[in-house]
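Step one of this worksheet: look at the structure below.
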Ligand code: XIL
């Protein structure tokens, strides 16, 4: 069977699969076990198991977890000299109890970092050495606490602008580009076994991708070991095209690092702003046209979402040799940050499970894609083996 025919039969069988049919005999982590880890970002109700239904669900479906918020600076280090690990400890305990690959997110970011980190009491910026000491103290304390337990860290998050230049964040303005190298050196010293990642969004776009590649090269030239690049993958139904995603995975892996999809979700609502602007102060009641599906997703959009997820996973599975993990940014639609970003109070449908925790057609599409592609590759390795040993 030639490859075109195989792809044709694969596409046909996915299209013909009964939409909504649940593959009861499988789960995401079973279906993808030969490809990469499959993860979800968790909120406290899931990892403390106060929401027992969702907690069980996470145990059944996922073999990796990310903390949606509880390891961010504003939560673990809210005031100078005061750390609060009460939620982060529960998160790590949940992952360990369920033998999951536990991710830390994130050490250095311009968001969700309190003002005191960057400013003196009078509002003036702190000086270079003060900020560097503060960064070192933060990373050694947080990474050190979970040494050997959190397996990989998003060390720096979102340091590159759309045009590929380095973001003029307070980190950059006060420490210069050296903050990048320093952050990875501190993290490596705090836990030499931990995997260290660079994580960003929209790196499918050519200028930003080039900037991220330059950033990784800068780290590598300084002797820093970066394990993987995280492509966040907050995507829309029609953007970015899968070819750009595939190109980005190839380009990053050519740097000698692994690639992970770290924050996957598919926004199905009308675009509220051009570019990456957000104004969460906009009340959706003032702009009802931005919230077209408050009472449920029309079948046609549900089907488009399923096709989009099938196409995305087809790319990831095709690149399985380069990929470490695919993580969804939430478990069910009601959890998703996209209900409140970039506009507050909308009803979005970006994930694989609905607000009742039921699998959506997109879930079935992912399982079908995994099953078909793994079957096709198993078949071709059998054929290759029989050719080499006639
Ligand atoms: C989001 C969380 O999902 C929200 O709950 C929070 O209010 C804001 O941050 N990129 C990231 C994530 O790296 O940390 C963000 O998570 C989504 C965008």
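Residue numbers (the numbering used here): 928 to 1317. From the three backbone atoms N, C-alpha and C, an ideal C-beta is built for every residue, glycine too. A quick note: this is a predicted structure, and the numbers were derived from the prediction, not measured.
> When the distance is taken between beta carbons, is residue 1175 closer than 7 Å to residue 1145?
Replying inline: Stepping through the chain shown from its first residue, residue 1145 is reached at position 218. Stepping through the chain shown from its first residue, residue 1175 is reached at position 248. Not in contact: residue 1145 and residue 1175 (Cβ atoms no closer than 7 Å).
>> With a threshold of 8 Å, are at least 3 pairs of Cβ atoms found where one atom belongs to the region 1047-1065 and the other to the region 980-989?
In response: no
>> On a Cα-Cα basis, can you pick out the residue from 1123, 1234, 1313, 1275 that is closest to residue 1075?
In response: Indexing the chain shown from 1 puts residue 1075 at position 148. Residue 1123 is the option with its Cα nearest to residue 1075.
>> In whole angstroms, give me the CA-to-CA distance for residue 1017 and residue 974.
In response: Translated into the one-based positions of the chain shown, residue 1017 becomes position 90. Translated into the one-based positions of the chain shown, residue 974 becomes position 47. Taking the straight line from one Cα to the other gives about 7 Å.
>> Which same chain residues end up closer than 7 Å to residue 1298 when comparing Cβ atoms and leaving out the 5 residues on each side of it in sequence?
In response: Residue numbering aside, residue 1298 sits at position 371 when the chain shown is read from its first letter. Result list for residue 1298: 958, in chain order.
>> For residue 1127, count the other beta carbons within 10 Å of its own beta carbon; 16 or more makes it buried, fewer makes it exposed. Which is it?
In response: As a working note, residue 1127 is residue 200 in the chain shown. That one is buried.
>> My output table needs one value for residue 889: the three-state DSSP class, helix, strand or coil.
In response: This structure leaves residue 889 out entirely; the chain is present only between 928 and 1317.
> Cα separation between residue 1148 and residue 1142?
Replying inline: Residue mapping note: residue 1148 aligns to position 221 of the chain shown, counting from 1. Residue mapping note: residue 1142 aligns to position 215 of the chain shown, counting from 1. When rounded, the distance between both Cα atoms is 10 Å.
>> Check this for me: beta carbons of residue 1102 and residue 1058, under 7 Å apart or not?
In response: Walking along the chain shown from the start, residue 1102 turns up at place 175. Walking along the chain shown from the start, residue 1058 turns up at place 131. Result yes, Cβ atoms of residue 1102 and residue 1058 sit closer than 7 Å.
> Is the region 1182-1192 close to the region 1218-1228, with three or more CB pairs under 8 Å?
Replying inline: no
> What number of angstroms, rounded off, separates the C-alpha of residue 1166 from the C-alpha of residue 1237?
Replying inline: Counting from one through the chain shown, the residue named residue 1166 turns up at place 239. Counting from one through the chain shown, the residue named residue 1237 turns up at place 310. Rounded to the nearest angstrom, the two C-alpha atoms are 14 Å apart.
> How would you label residue 1202, buried or exposed, when you count the other beta carbons within 10 angstroms and need 16 or more for buried?
Replying inline: In the chain shown, residue 1202 corresponds to position 275, counting from 1. Reliability fails at residue 1202, whose pLDDT of 49 lies under 50, so the model's placement of it is uncertain and the value that follows must be treated cautiously. Residue 1202 comes out exposed.
>> Taking the straight line between their C-alpha atoms, what separation do you get for residue 1111 and residue 1152?
In response: Stepping through the chain shown from its first residue, residue 1111 is reached at position 184. Stepping through the chain shown from its first residue, residue 1152 is reached at position 225. Approximately 8 Å between the Cα atoms of the pair.
> Within this structure, are the beta carbons of residue 1252 and residue 1071 separated by less than 7 Å?
Replying inline: Taking the first residue of the chain shown as 1, we reach residue 1252 at position 325. Taking the first residue of the chain shown as 1, we reach residue 1071 at position 144. Against a cut-off of 7 Å, the Cβ pair of residue 1071 and residue 1252 comes out as no contact.
> How about residue 1264: is its Cβ closer than 6 Å to a heavy atom in ligand 1?
Replying inline: Your numbering for residue 1264 matches position 337 in the chain shown. Yes - ligand 1 has a heavy atom lying nearer than 6 Å to the Cβ of residue 1264.
>> Can you determine whether any heavy atom of ligand 1 sits closer than 6 Å to the C-beta of residue 1323, and answer yes or no?
In response: Residue 1323 lies beyond the residue range present for the chain, which begins at 928 and ends at 1317; the question has no answer from this structure.
> Do residue 995 and ligand 1 come close, with the Cβ less than 6 Å from some heavy atom?
Replying inline: For the purposes of this step, residue 995 is taken as residue 68 along the chain shown, with counting starting at 1. Result yes, Cβ under 6 Å from ligand 1.
>> For residue 1296, count the other beta carbons within 10 Å of its own beta carbon; 16 or more makes it buried, fewer makes it exposed. Which is it?
In response: In the chain shown, the residue the question calls residue 1296 occupies position 369. By the 10 Å Cβ count, residue 1296 comes out buried.
>> Quick check on the DSSP output: the alpha helix (DSSP H) that includes residue 1114 runs from which residue to which?
In response: Locating residue 1114 in the chain shown gives position 187, where the first residue counts as 1. 1105-1117 is the extent of the alpha helix (DSSP H) around residue 1114.
> How many whole angstroms separate the CB atoms of residue 1114 and residue 1066, which I take to be in contact at a CB cut-off of 8 Å?
Replying inline: Within the chain shown, the letter at position 187 stands for residue 1114. Within the chain shown, the letter at position 139 stands for residue 1066. Sure, about 5 Å apart at Cβ, within 8 Å.
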